[in-house]
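Residue numbers (UniProt numbering): 1 to 587. We treat Cβ as the ideally placed atom computed from N, Cα and C, and that holds for glycine. Structure first, commentary second.
Put into structure tokens, the structure is as follows:
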């Protein structure tokens, strides 16, 4: 990480002791500091170069007004201050939070679970209601994902509003790479610099829509990276005038009515008070998730009939139950998973009578594109477990020990929603061997944290399924019993699996005499993703010619779709199996 102007333990302006340099954020150097009362805060430092690029009088005035706001779910800040020994450098103090901007979360996760989406909206409405008219009537205070921080300190993530971002005051708006996309959250009057009392409620509804659906209320024909700011503002206005906000799929009529009103282009037609919108969203949340969230029932074993919701987050991650019926072929793997995972969990008492404990976790390894992620998802559905999926990017953090905090949050969330299946994708990147190059680059403490959390987590109702294409790179410590008890090779689909997969992929598509057994014979050596790609390409050819899918289309596609896994890769997996004979490998 690049070093900042100040190093650890140095004093800034004689008042703030540097705990850590976090990095560059919002056109500033960001530090975690301790104030004279030994409270941890953020300090945002504007260098002389940054001061030249920013409208300092406007930023100073906005920070001065924001420092007067006192509210819950609000990141309090100080007025802009000059360094005592360097009059060209400015800084301000902001409440510390262990988390990240909502904009970063949405880039990584695309959308947010329904319950958390409602919770974020209610957190922000709490900030607006408790801050009062001063927050709603100031046209300089805006609300976009850049102005919202998500706190990971508690089991349930919460949202905090940051009314002022330095990036909003950059003189050359084209220089601010993040400014254009966030214009989509502003009301029509805010885009023209004429904020009204309902402008932030419009923005909040836009953010809630984005969290729930993964896209904006309007489909803007805009290149957010290339189009000039004036063009973006003009196209946003035209798009909104030409169409109503999009319908939220599979939503209640009440939710759609809320969006229709909150996103009106005329301020007088929207909700006029934050408390009014707060009541509506609270009612929507409670109608969708009607349960007592004050207690978390202890884990007593899974039940297919279980429909009660033990914690606030559980309903957001439940899948439509398809389970193993959705997996084409792979009967050996399904049989193994049923024997080693499903049966001991469904009939726990009988297995415990024989001294057989439910398995703690397992590792899927094999070539990419063979369905490791899909099988884990369907295993969770078959069990009826809460499902959490973890990728290396999910643990990325610019904060010191931020990754360890996210690991702790993951397991706290899993325990609260037990029974839970945690799927760890690309585990070789998350838990690399500590004597490897990656393990030496400051990541050993994160591996240790993960290993500690994994120890006998099955006793707390948590099953871990990890997956990797590179099994030789993972830390050997995770393969001992009590962590990942069984190693399963997910290899190339055999003839029966390929035949079943073609049948599943072609189901409900227009076809004409497709020789599925023949296709299965001709595609030996192809992985699941290759076959899926082949079917889609054949369907595109048929669509272009307005005809059903036939063998002719597959003949054309097969000439240009080659197997994506090489024989060398297959030999590498065979070597791993032979070099690790002590591991209980299967299939």
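The DSSP assignment places complete alpha helix (DSSP H) segments of no fewer than 4 residues inside the region 70 to 141 at 102 to 109, 114 to 131, 133 to 137, in order along the chain. Excluding residues up to 5 positions away in sequence, 80 lie with their Cβ nearer than 6 Å to the Cβ of residue 60 in the same chain. About 5 Å separates the Cβ atoms of residue 363 and residue 487, confirming a contact at the 8 Å cut-off. Restricting attention to 483, 171, 263, the CA atom closest to the CA of residue 459 is found in 483. Residue 526 is positioned such that its CB atom lies no closer than 9 Å to that of residue 365. Residue 524 has its alpha-carbon roughly 7 Å from the corresponding atom of residue 495. Across the set 551, 90, 234, 36, the C-alpha of 90 shows the shortest separation from the C-alpha of residue 48. Cα atoms of residue 461 and residue 472: separation of roughly 29 Å, rounded to the nearest angstrom.
Per the coordinates, the alpha-carbon of residue 425 lies some 40 Å from the alpha-carbon of residue 50.
In chain order, 428 place their CB closer than 6 Å to the CB of residue 470, counting only its own chain and leaving out the 5 sequence neighbours on each side. Taken through DSSP and simplified to helix, strand or coil, residue 182 comes out as helix. Within the region 331 to 400, the complete alpha helix (DSSP H) segments of 4 residues or longer fall at 331 to 337, 343 to 346, 348 to 353, 372 to 383, listed in chain order. For the pair residue 323 and residue 180, the Cα-to-Cα distance works out to about 42 Å. Counting along the chain, the unbroken beta strand (DSSP E) around residue 30 starts and ends at 28 to 34. For the beta strand (DSSP E) assignment, the uninterrupted runs of no fewer than 3 residues enclosed by the region 483 to 541 are, from N- to C-terminal side, 486 to 489.
In this structure, 415 is the residue among 522, 276, 415, 542 with its C-alpha nearest to the C-alpha of residue 386. Straight-line measurement puts the Cα of residue 418 at about 22 Å from the Cα of residue 118. Less than 9 Å separates the beta-carbon of residue 94 from that of residue 75. With a 10 Å radius around the Cβ and a threshold of 16 neighbouring Cβ atoms, residue 102 comes out buried. The beta carbon of residue 281 lies closer than 8 Å to those of 118, 121, 122, 125, 208, 258 in the same chain, with the five residues before and after it left out.
Given a length threshold of 4 residues, each whole run of the alpha helix (DSSP H) inside the region 210 to 278 is given here in chain order: 229 to 242, 253 to 262. The alpha-carbon separation between residue 480 and residue 465 amounts to approximately 14 Å. Segment contact: the region 508 to 518 against the region 322 to 337, fewer than three CB-CB distances shorter than 8 Å; contact not assigned. Rounded to the nearest angstrom, the gap between the Cα atoms of residue 202 and residue 264 is 8 Å. Residue 467 is bridged by DSSP to 364.
Burial of residue 278 is indicated by the presence of at least 16 other C-beta atoms within 10 angstroms of its C-beta.
From the listed residues 197, 254, 535, the smallest Cα separation to residue 287 is found for 254.
A Cβ-Cβ separation of about 6 Å places residue 63 in contact with residue 164 under the 8 Å criterion. Relative to the Cα of residue 447, the nearest Cα in the group 476, 331, 468, 463 belongs to 476. Beyond the five residues adjoining it in sequence on each side, residue 191 comes within less than 6 Å, by CB distance, of 233 in the same chain, given in chain order. Per DSSP, reduced to three states, the secondary structure at residue 427 is helical. Contact annotation: residue 514 and residue 533 have beta-carbon atoms that are not nearer than 9 Å. For residue 159, the uninterrupted beta strand (DSSP E) run begins and ends at 158 to 161, by DSSP.
By the 16-neighbour rule on beta-carbons within 10 angstroms, residue 500 is buried. Selection 12, 247, 82, 411 evaluated against residue 206 yields 247 as nearest (Cα-Cα). With a threshold of 16 other beta carbon atoms within 10 Å, residue 128 meets it and is buried.
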